[in-house]
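Before any comments, here is the structure.
Residue numbers (the UniProt record's numbering): 1 to 180.
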């Protein structure tokens, strides 16, 4: 990933106003975020934004492009992240190693938010942003719970069909033995 060195303040304000995480903030509050510490990055296709097990306590907001979240050595796909989406918030909140890989699947632009930026914000504003992060995580958990239920129902359906087919095979084998 490559850091974008210069973006004018007006453009930064315009960008922040469009990000769901910051929409609830007043223009004055959004101005608090604009400092030398607010970092914009470009991730080229196939660049890693986050690597599983790394210790990096920041999160990223995707402005453009698409990111793919994968897990473990086989890189099982967990999610695709579209503009406005967040990645890395679990490590940011828990100060734990990264739980997944995040890779750009096309050229992407991101904002990096770290602990220093958050610590510098007024308490009320920091709490509002953390509440939005928690809301985002709760939405993700609810979505994943629905996915688990759907997959569980599919597994149950396959097991039912497999058991029925197994019973048919046993019956056919029994019938064949009786005939011979």
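Here a beta-carbon is modelled for each residue, glycine too, at the ideal position from N, C-alpha and C.
Is the beta carbon of residue i less than 8 Å from the beta carbon of residue j?
i           : j           : result
residue 112 : residue 53  : no
residue 41  : residue 13  : no
residue 110 : residue 49  : yes
residue 39  : residue 11  : no
residue 15  : residue 62  : no
residue 70  : residue 101 : yes
residue 105 : residue 45  : yes
residue 137 : residue 89  : yes
Have a look at residue i and residue j and give me their C-alpha separation to the nearest angstrom.
i           : j           : result
residue 118 : residue 159 : 49 Å
residue 68  : residue 25  : 28 Å
residue 86  : residue 74  : 23 Å
residue 84  : residue 166 : 49 Å
residue 133 : residue 127 : 10 Å
residue 23  : residue 76  : 33 Å
residue 176 : residue 163 : 20 Å
residue 108 : residue 6   : 17 Å
residue 47  : residue 129 : 27 Å
residue 32  : residue 125 : 9 Å
Taking DSSP's pairing of strands, which residues face residue i in a bridge?
i           : result
residue 58  : 114
residue 64  : 109
residue 51  : Per DSSP, none; premise fails for residue 51.
residue 102 : 50 and 69
residue 196 : The question about residue 196 has no answer here: the residues shown for the chain are numbered 1 through 180.
How is the alpha helix (DSSP H) around residue i delimited, first residue to last?
i           : result
residue 149 : 123 to 179
residue 23  : Here residue 23 belongs to no alpha helix (DSSP H), and DSSP marks it neither H nor E.
residue 91  : 89 to 94
For the ligand GTP, is there a heavy atom less than 7 Å away from the beta-carbon of residue i?
i           : result
residue 128 : Among the components of this structure there are no ligands whatsoever, and the ligand GTP is therefore not found.
Tell me where the beta strand (DSSP E) around residue i begins and ends.
i          : result
residue 34 : Run containing residue 34: none; DSSP gives neither H nor E here.
residue 80 : 76 to 81
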